[in-house]
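Engineer: Numbering (the numbering used here), first residue to last: 2 to 65. For each residue, glycine too, the CB sits at the ideal point set by N, CA and C. The model shown is predicted, which means the values in this text are computed figures rather than measured ones. Handing you this structure, nothing more for now.
Here it is in structure tokens:
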């Protein structure tokens, strides 16, 4: 199971912006993504009316 969370990098440490439901000492694998385009696409996902809509197709419509 996975989830996408937002973090801030401060003093050499990634700090989550919201509390995490993790066990003390639990190891995780982290993928670093910029909040640029990926953050915009994530925000569009919440606005989709139908689950079968593709966020990238919605983005293409915005560009036209």
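Compare the C-alpha of residue 17 against each of 23, 8 and 25 and name the closest.
Structural biologist: Along the chain shown, one-based indexing puts residue 17 at 16. Answer by Cα proximity: 8.
Engineer: Assuming residue 19 and residue 6 make a contact with CB atoms under 8 Å, what is their CB distance in whole Å?
Structural biologist: Counted from its first residue, the chain shown places residue 19 at position 18. Counted from its first residue, the chain shown places residue 6 at position 5. Sure, about 7 Å apart at Cβ, within 8 Å.
Engineer: Who does residue 17 pair with in a DSSP beta bridge?
Structural biologist: Sequence index remark: in the chain shown, residue 17 carries index 16 (1-based). Note: residue 17 sits in a beta bridge opposite 8.
Engineer: Got a sec? Which residues, its chain only, sit under 8 Å from residue 29 by beta carbon, not counting five neighbours each side?
Structural biologist: For this step, residue 29 is matched to residue 28 along the chain shown. Apart from sequence neighbours up to five positions away, the residues of its chain that approach residue 29 with a beta-carbon distance below 8 Å are 23, ordered along the chain.
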